[in-house]
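To start, the structure under review is shown below, and the notes come after it.
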């Protein structure tokens with residue numbers, strides 16, 4: 001057990017616990033997935049689970065219905081649900097409690113599904129290797145400009161619901177350009193959780209970068 | 210100036226300032242609009258402004274691009290932007306500052322567009338008469354079940370992007386039933402900010418209830 005400094009601020013406490021989480025994850029590839037409610041985070045993870053099976057563990061932090069965990073575990077992936085108590089973002093302590101409850105043996109990739117929110121989650125390190133922002137076509141193409149704090153920190157951006165291209169107005173080249181202005185090295189994945197398009201490239205990134 | 214209690218908690222302070230805002234709004238009809246990023250709050254307000262013109266004032270609290278305010282004011286409605294500094298919800302103090310900056314003479318309806326977020330804003334009284342939740346078809350039909358804290362407090366729910374009915378899976382009868390379980394008196398408006406469908410009924414509600 002690490003020593004706990006007496007006058008630790010909440011931010012220092014989170015940074016310390018995130019560092020502890022990072023050790024516990026033991027070199028596995030860990031992603032902090034952040035997106036609006038309805039952007040399709042759980043549906044993307046369901047598709048991801050179908051390809052990764054037992055190599056995937058999901059820490060579910062979105063305000064959830066009980067049905068959601070089953071969508072992940074039916075493919076042999078592991079899932080643990082965080083009781084957020086209505087919080088607007090996850091913190092490292094919540095993730096530390098989740099790690100206690102999940103068997104990571106055989107797991108290569110861990111995805112933490114954050115609370116559906118583009119503002120609050122972006123400021124909290126959970127012990128992940130990379131943040132992944134999820135947006136979707138019907139939300140509109142100005143999200144990177146409106147929420148720069150998230151998009152400058154996101155190593156990858158998933159643009160979901162590409163099956164709605166041509167039905168809703170969305171300039172994906174603008175989104176890519178705006179993302180690159182905020183993070184020159186960002187990886188952008190165009191996917192449809194509905195049809196499965198683009199999911200293989202995303203899963204390849206999860207496994208190998 | 211009201212007396213400020215010395216040992217006021219943040220929650221007490223917000224309640225006191227919300228009560229002060231309510232007085233300053235002087236009997237105008239005031240709505241606190243809460244929805245996810247991309248649910249179409251600003252587009253609905255643009256349609257609303259086209260019908261209400263100078264009778265409408267909008268207090269914009271969403272993390273905004275400068276373009277958004279112009280979409281409101283071109284119809285003669287008034288708009289003032291709140292600098293949220295990246296906050297995840299508005300509080301009554303931010304709204305008090307906005308009221309100082311806006312001329313409410315001739316205004317009948319005030320809509321406060323909250324930060325795009327379904328969690329944090331629902332717990333803060335801004336001095337409104339009613340909270341309005343905005344959801345949209347592509348977000349999925351489980352939002353009332355997932356975010357009961359908002360939907361039990363919302364006097365009205367706008368279901369936006371009805372132009373996508375039949376293109377995305379969405380059971381609107383389920384949504385209405387779930388909303389009514391949380392608030393038996395809720396008013397539900399089915400609109401498309403894109404086509405204008407349903408906007409008249411919504412504006413009628415704003416004006417007369």
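Chains as they are written, first to last, in the numbering used here: chain A, 1 to 209; chain B, 210 to 418. Yeah, the Cβ is synthetic: ideal placement off N, Cα and C, and Gly gets one too.
Taking each of B:376, B:407, B:405 and B:363 in turn and checking the Cα distance to residue 390 of chain B, the smallest one comes out for B:363. Distance between residue 403 of chain B and residue 412 of chain B, taken at the CA atoms: about 16 Å. Secondary-structure assignment with DSSP links residue 360 of chain B through no beta bridge to anything. Rounded to whole angstroms, the separation of the alpha carbons of residue 283 of chain B and residue 26 of chain A is 56 Å.
With a contact defined as Cβ atoms closer than 8 Å, residue 152 of chain A and residue 183 of chain A qualify at about 6 Å. Per DSSP, residue 391 of chain B is one residue of the alpha helix (DSSP H) stretching across 381-391. Less than 7 Å separates the beta-carbon of residue 125 of chain A from that of residue 18 of chain A. Here residue 365 of chain B is near residue 341 of chain B, since their CB atoms are less than 7 Å apart.
The beta carbon of residue 280 of chain B sits closer than 7 Å to those of 251 and 255, all from its chain and outside the five residues before and after it, given in chain order.
For residue 34 of chain A, the enclosing beta strand (DSSP E) begins and ends at 29-35.
In this structure, the alpha-carbon of residue 396 of chain B lies about 44 Å from that of residue 206 of chain A. The alpha carbon of residue 162 of chain A has as its nearest neighbour, out of A:57, A:143 and A:137, the alpha carbon of A:137. Here DSSP, grouped into helix, strand and coil, assigns residue 113 of chain A to strand. Under the Cβ criterion of 7 Å, residue 118 of chain A is counted among the residues facing chain B.
Near chain B, meaning a CB-to-CB distance below 9 Å, the residues of the segment 86-103 of chain A are 86, 87, 88 and 89.
By a beta-carbon distance limit of 8 Å, residue 175 of chain A does not contact residue 110 of chain A. Their separation comes to about 27 Å.
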